[in-house]
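In my numbering, the protein residues as written are 37 to 185. Here's the structure, in structure tokens; my notes come after.
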Amino acid sequence: MAVYFECVTHADAPCAELFEKSLSIDAHTGSMAESGEQAVAGVTSGSIGLGEQVTWRAKHFGIPFRMTSRISDLQAPRTFTDQQVRGPFKSFHHVHEFHELEHGTLMVDKIHFSAPLDPLGWLAERLVLGWYMPKLIRIRNEYLIKMQG
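So, in structure tokens, the structure goes:
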């Protein structure tokens, strides 16, 4: 029981700029405004770094969630990984990659997660999370690209 997907996004912005925006707690909060996502513990504003944690509070489908994630790998400006420490998933692992192109940057998000509550989790993965999670990543990436500065 697990879901893996990749989200590939091309941006006409420099690799290092998108890398920094992706580590910004404030940018993440802005991109997830629809779910009311807020950083409530750990690093709650500015940029998050290697070994640091953030706890998010949000509502998805009208249900309140809390999730704590930690930056477990960071190799600026090419890649970083965040992993759930505590939260709604059985496991959640997100690798962010940034590939410099001749004109812009290719962002690749590699996400592997599994829902709790076998076999209900399996149903949630197939019926809801399998389309909902990629949608959230696309929204976040579009927000990062449109951000000024």
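Just so you know, even glycine gets a beta-carbon here, dropped at the ideal spot from N, CA and C. No experiment lies behind these values; they were computed from the predicted model shown.
Bridge partner(s) assigned by DSSP for V44: BP columns for V44 point to V144.
Give the DSSP bridge partners of L165, in chain order. L165 pairs with nothing; no bridge assigned.
Nearest by alpha-carbon distance to I61: which of R106, V44 and G98 is it? Nearest Cα to I61 within the set R106, V44 and G98: R106.
Taking the alpha-carbon positions, what's the Q111 to L156 distance? Distance between the alpha carbons of Q111 and L156 is about 37 Å.
Would a C-beta distance cut-off of 9 Å place H148 and F128 closer than the cut-off? If you check the CB distance, H148 and F128 come in under 9 Å.
Can you list, in chain order, the stretches of the beta strand (DSSP E) that have 3 or more residues and sit fully within the segment 50–90? With a minimum length of 3 residues, the continuous beta strand (DSSP E) runs that stay inside the segment 50–90 are 74–78.
Using the Cα positions of D125 and S58, report the straight-line distance between them to the nearest angstrom. According to the sequence shown, residue 125 is Phe rather than Asp. Taking the straight line from one Cα to the other gives about 22 Å.
Since L110 is in the beta strand (DSSP E), which residue starts that stretch and which ends it? Per DSSP, L110 belongs to the beta strand (DSSP E) from I99 to Q111.
So what's R176 in DSSP terms, helix, strand or just coil? Helix.
Could you tell me the boundaries of the beta strand (DSSP E) in which L137 lies? Element bounds for L137: S127 to L137.
I need the boundaries of the alpha helix (DSSP H) containing A38, first residue and last residue. Bounds of any alpha helix (DSSP H) do not take in A38, whose DSSP letter is neither H nor E.
Cα-Cα separation between D48 and T141, rounded to whole angstroms: Here the alpha carbons of T141 and D48 stand approximately 6 Å from one another.
Secondary structure of A94, DSSP reduced to three states: A94: strand per DSSP, three-state reduction.
Check whether the Cβ atoms of V90 and A69 sit closer than 9 Å, and answer yes or no. In this structure, A69 does not lie closer than 9 Å to V90 by Cβ.
Let me confirm a value: W167 is counted as buried when at least 16 other C-beta atoms fall within 10 Å, else exposed. Which label applies? Classification of W167: exposed, given that the 10 Å Cβ count is below 16.
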